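Visitor: Sharing a structure here in structure tokens format.
Chains as they are written, first to last, in this note's numbering: chain H, 1328 to 1583; chain E, 1328 to 1583.
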């Protein structure tokens, strides 16, 4: 099977001109088929603020009312996505910007209201792997914004980590997929105050041990659980690293 | 050759929920291959206003400084484009939202400064007809925002009428193209105060006569000149009509 690298980068990297330029240069170096999923939360928060719309976060997720949905559709689907696409085109990479609505690549359902009403937030229901695969095989590089649609005419705000993970799973039967989650650090750290204490490999056993010992904690726990879930679904490799290291694929490798 | 209908709709139609719903219903009725080009100027002006950015228009064109470029990229490429795409997907139409940067479909050059510095405004240099044709032949409906890119990493603001016209020309060798410009009236009117005085057919001879007689004037003159230019370049038919009439293709037919 052909190799495919799926890179997920957070908002911080793509929202500043200099870090974006570096990311695009690094991304361009990745050999073979590739796909980029981006965030944009900081820009959305900034725009909402300028428009007098209050940003409300619960468990790291944005409560998305009708006005906020407009903001994220503008920021993620417009500004951030097109800036990346134009930047990649300038490097000779035939990028296409996509939300879940475009070509119906990711359909979701509005999150049911339990304790919290997240508003126009979508839980991924179906990723159209065949359409993405057809694009990739024609040398096209999909750049996916963290937005999906419900198939009934509404866009929905959707977590970029989730989109990357679900896309990796959907393509796992068609490609040998490496999923790379980029964040601020070089990898999962043994000591959060020591940037050079990257744990090279995490298996389920090591994960359990480190969680018990308190070495792995907080937001890293769901990230790693998602990684194991992707591996179970056929993704070949998951890497957690910094954006600066994507071309090297160094960092923490998550293994079954 | 297969028939292709290219519809250009202004911002007003796509920016209000009820007129947009009607447009999507009418657009869905158009048989055969089709492509939509949309505006969004009113929403851009509104957002700019809320952000305290002054909208400056010269000859109907928006002066586009760096901040305004962000606004139009958000509004045209994000909000308006994705709202249309999600709406079409809900009708079972496999739409894809595109700016000129996506798949490099429309490259432009920043307009040279003469009397007026329009800023980040692009004059269309090349439309990638083959890529659009390949999408159309796979049953995909392109929805094009009035944005292009310069091939060097920058998005550029580009007039939607121009995009529709240049796209029609680029596809004229591959399809039997009907280009439909939608505006507020049912067609070109003989008497601007009488909505039922639609001129059914305009040829270059009739055009010249009506211009001399003052029946055709103002902004309609460049619109018709563009139409004749499209016909000269191989477009089969140009129609000027209201959005409500696109399924019927009634209105004013422009002929060589």
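We put the beta carbon where it would ideally sit given N, CA and C, even for glycine. All of these numbers come straight from a predicted model, not from anything done at the bench.
From which residue to which residue does the alpha helix (DSSP H) around residue 1542 (chain E) run?
Guide: Position 215 of the second chain holds residue 1542 (chain E). Segment: none, residue 1542 (chain E) is in no alpha helix (DSSP H) and carries neither H nor E.
Visitor: Under three-state DSSP, which class holds residue 1384 (chain H)?
Guide: As a working note, residue 1384 (chain H) is residue 57 in the first chain. Reduced to three states, the DSSP call for residue 1384 (chain H) is strand.
Visitor: I want to verify the contact list: residues of chain E whose CB lies under 8 Å from the CB of residue 1400 (chain H), in sequence order.
Guide: Indexing the first chain from 1 puts residue 1400 (chain H) at position 73. Chain E residues near residue 1400 (chain H): 1405, 1406, 1409 and 1410.
Visitor: Using the C-alpha atoms, what's the distance from residue 1384 (chain H) back to residue 1484 (chain H)?
Guide: Along the first chain, read from residue 1 onward, the residue named residue 1484 (chain H) stands at position 157. Along the first chain, read from residue 1 onward, the residue named residue 1384 (chain H) stands at position 57. Rounded to whole angstroms, the gap between the alpha carbons of residue 1484 (chain H) and residue 1384 (chain H) is 13 Å.
Visitor: Tell me residue 1510 (chain E)'s beta-bridge partners as DSSP assigns them.
Guide: Stepping through the second chain from its first residue, residue 1510 (chain E) is reached at position 183. DSSP output for residue 1510 (chain E) lists E:1569 as bridge partner(s).
Visitor: Does the structure place the segment 1420-1428 of chain H close enough to the segment 1426-1444 of chain E that three or more beta carbon pairs sit under 8 Å?
Guide: yes
Visitor: If you measure between the beta carbons of residue 1342 (chain E) and residue 1407 (chain E), is that distance less than 8 Å?
Guide: In the second chain, the residue the question calls residue 1342 (chain E) occupies position 15. In the second chain, the residue the question calls residue 1407 (chain E) occupies position 80. Less than 8 Å separates the beta-carbon of residue 1342 (chain E) from that of residue 1407 (chain E).
Visitor: Below 8 Å, how does it come out for the segment 1365-1381 of chain H and the segment 1395-1407 of chain H: are there three or more Cβ pairs, yes or no?
Guide: yes
Visitor: Taking the alpha carbon of residue 1500 (chain H) as the point to measure from, which residue in H:1399, H:1456, H:1552 and H:1477 has its own alpha carbon closest?
Guide: Translated into the one-based positions of the first chain, residue 1500 (chain H) becomes position 173. When only C-alpha atoms are compared, the closest one is H:1456.
Visitor: Distance check for residue 1370 (chain E) and residue 1417 (chain E), CA to CA, integer angstroms please.
Guide: As a first step, residue 1417 (chain E) is located in the second chain; it is residue number 90 there, counting from the start. As a first step, residue 1370 (chain E) is located in the second chain; it is residue number 43 there, counting from the start. Going by the C-alpha atoms only, they are around 23 Å apart.
Visitor: Would a check of beta-carbon distances place residue 1360 (chain H) closer than 8 Å to chain E?
Guide: Residue 1360 (chain H) sits at position 33 when you count from the first residue of the first chain. Not one chain E Cβ lies under 8 Å of residue 1360 (chain H).
Visitor: What did DSSP end up calling residue 1564 (chain E) once you bin it into helix, strand or coil?
Guide: Position 237 of the second chain holds residue 1564 (chain E). If DSSP states are grouped into helix, strand and coil, residue 1564 (chain E) belongs with the strands.
Visitor: State the DSSP-derived secondary structure class of residue 1493 (chain E), mapped to helix, strand or coil.
Guide: For the purposes of this step, residue 1493 (chain E) is taken as the residue at position 166 of the second chain. Here residue 1493 (chain E) sits in helix by DSSP.
Visitor: Return the residues of the segment 1424-1450 of chain H that lie within a Cβ-Cβ distance of less than 7 Å from chain E, sorted by chain order.
Guide: 1424, 1426, 1428, 1429, 1430 and 1431
Visitor: Check residue 1482 (chain H) in the structure and name its three-state DSSP category.
Guide: Here residue 1482 (chain H) refers to the residue found at position 155 when the first chain is read from its first residue. If DSSP states are grouped into helix, strand and coil, residue 1482 (chain H) belongs with the strands.
Visitor: To the nearest angstrom, report how far apart residue 1446 (chain H) and residue 1330 (chain E) are at their CA atoms.
Guide: Your numbering for residue 1446 (chain H) matches position 119 in the first chain. Your numbering for residue 1330 (chain E) matches position 3 in the second chain. Approximately 42 Å between the Cα atoms of the pair.
Visitor: When DSSP builds the beta bridges, which residues end up paired with residue 1527 (chain H)?
Guide: For the purposes of this step, residue 1527 (chain H) is identified with residue 200 of the first chain, where counting begins at 1. Note: residue 1527 (chain H) sits in no beta bridge, so no partner.
Visitor: What residues of chain H sit near residue 1476 (chain E), judged by a beta carbon separation below 7 Å?
Guide: In the second chain, the residue the question calls residue 1476 (chain E) occupies position 149. Here the neighbours are 1413 and 1416.
Visitor: Whose C-beta lies closer than 6 Å to the C-beta of residue 1337 (chain E) among residues of the same chain, with five residues either side of it excluded?
Guide: Taking the first residue of the second chain as 1, we reach residue 1337 (chain E) at position 10. Closer than 6 Å at Cβ, skipping near neighbours: 1366.
Visitor: With DSSP as the reference, label residue 1452 (chain E) as helix, strand or coil.
Guide: Within the second chain, residue 1452 (chain E) is the residue found at index 125, counting from 1. If DSSP states are grouped into helix, strand and coil, residue 1452 (chain E) belongs with the strands.
Visitor: Anyone know if the C-beta pair for residue 1432 (chain E) and residue 1458 (chain E) falls short of 8 Å?
Guide: Walking along the second chain from the start, residue 1432 (chain E) turns up at place 105. Walking along the second chain from the start, residue 1458 (chain E) turns up at place 131. Cβ distance < 8 Å, so residue 1432 (chain E) and residue 1458 (chain E) count as in contact.
Visitor: State the start and end residues of the unbroken beta strand (DSSP E) segment that holds residue 1424 (chain H).
Guide: Within the first chain, numbered from 1, the residue matching residue 1424 (chain H) stands at position 97. Start and end: 1422-1425.
Visitor: Inspect the CB distances between the segment 1511-1520 of chain E and the segment 1570-1581 of chain E and report whether three or more fall short of 8 Å.
Guide: Using a Cβ-Cβ distance cut-off of 8 Å, the segment 1511-1520 of chain E and the segment 1570-1581 of chain E are in contact, since at least three pairs of beta carbons, one from each stretch, lie closer than that value.
Visitor: Between the C-alpha atoms of residue 1390 (chain H) and residue 1564 (chain H), what's the straight-line distance to the nearest angstrom?
Guide: Indexing the first chain from 1 puts residue 1390 (chain H) at position 63. Indexing the first chain from 1 puts residue 1564 (chain H) at position 237. The C-alpha of residue 1564 (chain H) is placed about 32 Å away from the C-alpha of residue 1390 (chain H).
Visitor: Does chain E have any CB closer than 8 Å to the CB of residue 1338 (chain H)?
Guide: Numbered from 1 along the first chain, position 11 holds the residue referred to as residue 1338 (chain H). No, residue 1338 (chain H) lies away from the interface with chain E (no Cβ there is under 8 Å from its Cβ).
Visitor: Could you tell me which residues DSSP puts in a beta bridge with residue 1516 (chain H)?
Guide: As a working note, residue 1516 (chain H) is residue 189 in the first chain. Listed as beta-bridge partners of residue 1516 (chain H) by DSSP are H:1525.
Visitor: Please report the Cβ distance between residue 1375 (chain H) and residue 1382 (chain H), rounded to the nearest whole angstrom; I am assuming they are in contact, meaning their Cβ atoms lie under 8 Å.
Guide: Along the first chain, read from residue 1 onward, the residue named residue 1375 (chain H) stands at position 48. Along the first chain, read from residue 1 onward, the residue named residue 1382 (chain H) stands at position 55. Right, the Cβ-Cβ distance comes to about 5 Å (below 8 Å), so this counts as a contact.
Visitor: From the DSSP output, in three-state form, read off residue 1633 (chain H) for me.
Guide: With chain H represented from 1328 up to 1583, any question about residue 1633 (chain H) goes unanswered, as that position is not in the structure.
Visitor: May I have the straight-line CA-CA distance separating residue 1520 (chain H) from residue 1462 (chain H), to the nearest angstrom?
Guide: Looking up residue 1520 (chain H) in the first chain gives position 193. Looking up residue 1462 (chain H) in the first chain gives position 135. If I take the Cα positions, the gap works out to 42 Å.
Visitor: Given this structure, state the Cα-to-Cα distance separating residue 1504 (chain E) from residue 1498 (chain E), to the nearest angstrom.
Guide: Indexing the second chain from 1 puts residue 1504 (chain E) at position 177. Indexing the second chain from 1 puts residue 1498 (chain E) at position 171. So the two alpha carbons sit approximately 7 Å from each other.
Visitor: Taking a Cβ distance cut-off of 7 Å, strictly less, list which residues of the segment 1476-1509 of chain E are near chain H, in chain order.
Guide: 1476, 1478, 1479, 1480, 1481 and 1482
Visitor: Residue 1473 (chain H) and residue 1487 (chain H): beta carbons closer than 8 Å?
Guide: For this step, residue 1473 (chain H) is matched to residue 146 along the first chain. For this step, residue 1487 (chain H) is matched to residue 160 along the first chain. For residue 1473 (chain H) and residue 1487 (chain H), yes; Cβs fall inside 8 Å.
Visitor: Would you say residue 1378 (chain E) reaches chain H, if we count a Cβ-Cβ gap shorter than 8 Å as a contact?
Guide: Counting from one through the second chain, the residue named residue 1378 (chain E) turns up at place 51. Yes - at least one Cβ of chain H is within 8 Å of the one on residue 1378 (chain E).
Visitor: Check the DSSP bridge columns for residue 1503 (chain H) and list the partner residues they point to.
Guide: Residue numbering aside, residue 1503 (chain H) sits at position 176 when the first chain is read from its first letter. H:1330.
Visitor: Give a yes or no on whether the minimum CB-CB distance between residue 1455 (chain E) and chain H is below 8 Å.
Guide: Stepping through the second chain from its first residue, residue 1455 (chain E) is reached at position 128. So no, residue 1455 (chain E) is outside the interface.
Visitor: Give the range of the alpha helix (DSSP H) segment to which residue 1377 (chain E) is assigned.
Guide: Numbered from 1 along the second chain, position 50 holds the residue referred to as residue 1377 (chain E). From DSSP, the alpha helix (DSSP H) with residue 1377 (chain E) extends over 1368-1377.
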